[in-house]
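Participant:
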Amino acid sequence: MMRLVATLLVFISLSTGLAVAGETTTYPDIPKAVGAPHPEGNAYMRINHMRLMRHDRDLTMREGDRSIKYSIKECVACHAVMGPDALPISVQEEGHFCRACHEYAAVKIDCFQCHNSKPEEGFVDLLKQMPPATDDEIQAYLDGMSQ
Amino acid sequence: MKLPALNNKSERPAELNRREFFKSGAAVASVTLAPGVTLMAFGGEASAKADPGKRWGMLIDVNKCSTDCNACVTACSEENGWKLDGHPETDAQWIRKVDLKHKETGREASLPMMCQHCETPPCVDVCPTGASFKRVDGIVLVDKHICIGCRYCMMACPFKARSFVHEDIEDQKTNAPRGKGTVESCTLCVHRVDAGRVPACVESCSATGNGAMMFGDLNDPNSEIAQALKNYPSMGLRDDLRVNPGVRYTNL
């Protein structure tokens, strides 16, 4: 009996493993960003990016706090995907960073009804010129997150 | 758990222990952090918020405003990305030039009209969602995230300052998000004001040499605008409504 159960378990895990392996091939092709990675990590950002943006948009708009961490302006700049003319493409075009995942997850993006999905001229270059963070700054950031 | 070296040449000054690391919510960062993390991604500097001690306002000298000049309107359109597209009934307009003629004396005057950034804004009173709001420094804005486009505020505004966006918009200015189904108006170039600059209309007006528009903090007795208001007669439009506009006119 135990042998039967064990065999079954092995079979199940094998088949799920196969299924997962099959699914990975259909994952969206997520374009690389120009800037440095999010210190929170990609998995965290995938789950929480909208909460972070919503929180900070209210701070910016209502309280005039411009020193915030998450702004859609920076999202679209750092994650800009260049088209064949070497200019950033809009969310209307296939291959746009936001679109890649949202299409896969079948989640509608409302942001770009009002916001521009392309960065302003020169903004991407500005991002590239930002100096890398020092270890102290990263430590301070991580400390701030744990509070 | 040990964080990977964030910088190729130097070690981390202090090691996070495993518990703190997980508490920080940045566990996933360990696999994705790489050399060259920028400061920009962190922000976290002392916040500079809208100052409740200030009240931003404008003083417009009608004598200096010439009838044939449209610089303020053009500058606003350029800065905020709205344009008149041949549909005067529905096109959004944040600022307009108004020409006046006194019936008795024949005196003609021209002035720019936009959101008057009232102290007690009727648009804020009537908004059912709280989208129409006044910042602590006196700037009246629309929160387009929660605006439902009911247009009560457009009805309530005595200055006809607000517009409704009737059609889909693409390629907005990043500093002035605009979208179909929401109401909008002059923001007093809030993105510029927060950066310590003056609104686009005021800048363009002084660039033409007319210098009819003055921008500043009405609450600061030493500011140029407060001094001018103190020393010369001025009026707010429709003073009878007691909304106390932040935009004032002189020589009208």
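Going down the list, the sequences are from chains A and B. Per our numbering, the first sequence starts with residue 7, numbered consecutively. Per our numbering, the second sequence starts with residue 45, numbered consecutively. We put the beta carbon where it would ideally sit given N, CA and C, even for glycine.
1. I'd like to know if the segment 184 to 191 of chain B and the segment 52 to 71 of chain A are in contact, where contact means that at least 3 CB-CB pairs between them fall below 8 Å.
2. First and last residue of the beta strand (DSSP E) that includes B:Phe-203?
3. Using a Cβ-Cβ cut-off of 8 Å, state whether A:Glu-69 counts as contacting chain B.
4. Within 8 Å, do at least three Cβ pairs link the segment 142 to 151 of chain B to the segment 113 to 127 of chain B?
5. Name the DSSP beta bridge partners of B:Lys-178, please?
6. Starting from B:Pro-96, find everything on chain A with Cβ-Cβ shorter than 7 Å and list it in chain order.
7. So which residues of chain A does B:Phe-177 contact, with C-beta pairs closer than 8 Å?
8. Cβ of A:Glu-126 less than 8 Å from any chain B Cβ?
9. Would B:Leu-285 pass as a contact of B:Leu-103 if the rule is Cβ separation under 8 Å?
10. So with Cβ pairs under 8 Å, would you call B:Pro-243 a contact of chain A?
11. Quick check: the Cα distance between B:Thr-252 and B:Asn-266, rounded to an integer number of angstroms?
12. Give the DSSP-derived three-state secondary structure of B:Ser-121 in the structure shown.
13. I'd like to know whether the C-beta atoms of A:Gln-119 and B:Lys-224 end up nearer to each other than 8 Å.
14. Given B:Ala-200, which residues of its chain have a CB within under 8 Å of its CB, disregarding the five upstream and five downstream residues?
15. CB-CB under 6 Å to A:Leu-24, same chain, minus the five flanking residues each way: which ones, in chain order?
16. With burial defined as no fewer than 16 other Cβ atoms inside 10 Å of the residue's Cβ, what is the status of B:Met-158: buried or exposed?
17. Going along the chain, which residues of the segment 136 to 154 of chain B sit with their C-beta nearer than 8 Å to a C-beta in chain D?
18. For the beta strand (DSSP E) that B:Ala-94 lies in, which residues bound it at each end?
19. Which residues in the same chain as B:Asp-176 place their Cβ atom closer than 6 Å to its Cβ, once the five residues preceding and following it in sequence are excluded?
20. Are the CB atoms of B:Gln-160 and B:Pro-243 nearer to each other than 8 Å?
21. Of the choices B:Gly-130, B:Gly-150, B:Leu-155 and B:Glu-133, whose alpha-carbon is the least far from that of B:Ile-139?
22. Comparing C-alpha positions only, which one of A:Met-51, A:His-55 and A:Ala-86 sits nearest to A:Ala-39?
23. Assuming the contact rule is C-beta atoms closer than 8 Å, B:Cys-245 and B:Met-257 should be a hit. Round their C-beta distance to whole Å, please.
24. Given this structure, state the Cα-to-Cα distance separating B:Val-142 from B:Glu-247, to the nearest angstrom.
25. Against chain B, which members of the segment 96 to 126 of chain A pass a CB distance test of less than 8 Å?
26. Taking 8 Å as the threshold (C-beta atoms), are B:Ser-110 and B:Asn-254 in contact?
27. Quick check: does the Cβ of A:Cys-107 come within less than 7 Å of any heavy atom belonging to the ligand NAD?
28. Once DSSP output is grouped into helix, strand and coil, what is the label at B:Arg-151?
Facilitator: From the atom records:
1. The answer is yes - the segment 52 to 71 of chain A touches the segment 184 to 191 of chain B, with three or more Cβ pairs under 8 Å.
2. Going by DSSP, B:Phe-203 is part of no beta strand (DSSP E) at all; its letter is neither H nor E.
3. Judged by the 8 Å Cβ criterion, A:Glu-69 is in contact with chain B.
4. Put simply, the segment 113 to 127 of chain B does not touch the segment 142 to 151 of chain B. Fewer than three CB pairs are less than 8 Å apart.
5. B:Val-184.
6. Ordered by position in chain A, no residue passes the 7 Å Cβ test against B:Pro-96, which lies about 10 Å from the chain.
7. Ordered by position in chain A, the residues that pass the 8 Å Cβ test against B:Phe-177 are Arg-68.
8. It does: the Cβ of A:Glu-126 has a partner Cβ on chain B nearer than 8 Å.
9. Cβ distance not < 8 Å, so B:Leu-285 and B:Leu-103 don't count as in contact.
10. B:Pro-243 has a beta carbon lying at 8 Å or more from every beta carbon in chain A.
11. Rounded to the nearest angstrom, the two C-alpha atoms are 26 Å apart.
12. Note: B:Ser-121 maps to helix in three-state DSSP.
13. Their beta carbons are under 8 Å apart, which means A:Gln-119 touches B:Lys-224 by this criterion.
14. Counting only Cβ-Cβ distances below 8 Å, and skipping sequence neighbours, we find Pro-166, Cys-167, Asp-169 and Val-170.
15. At A:Leu-24 the pLDDT is 48, less than 50, meaning the model places this residue with poor confidence; the figure from the coordinates comes in the next sentence. Correct list: empty, nothing qualifies.
16. Here B:Met-158 is buried. Its C-beta has 16 or more other C-beta atoms within 10 Å.
17. No chain D is present in this structure, whose protein chains are A and B.
18. No beta strand (DSSP E) contains B:Ala-94, which DSSP labels as neither H nor E.
19. Sequence check: residue 176 of chain B is Ser here, not Asp. Within the same chain, B:Ser-176 has close Cβ partners Cys-167, Val-168, Val-186 and Cys-197.
20. Going by C-beta atoms, B:Gln-160 is not nearer than 8 Å to B:Pro-243.
21. A check of alpha carbon separations from B:Ile-139 across B:Gly-130, B:Gly-150, B:Leu-155 and B:Glu-133 identifies B:Leu-155 as the nearest.
22. Check the Cα spacing between A:Ala-39 and each of A:Met-51, A:His-55 and A:Ala-86: the tightest is with A:Ala-86.
23. About 6 Å; that satisfies the 8 Å criterion.
24. Using only the alpha carbons, I get a separation of about 19 Å.
25. Listed in sequence order: Ser-96, Gln-98, Gln-119, Cys-120, His-121, Asn-122, Lys-124, Pro-125 and Glu-126.
26. Taking the C-beta atoms as reference points, B:Ser-110 is found nearer than 8 Å to B:Asn-254.
27. As presented, the structure is devoid of all ligands, the ligand NAD included, so that no description of it is given.
28. When secondary structure is reduced to three states using DSSP, B:Arg-151 falls in the coil class, being assigned neither helix nor strand.
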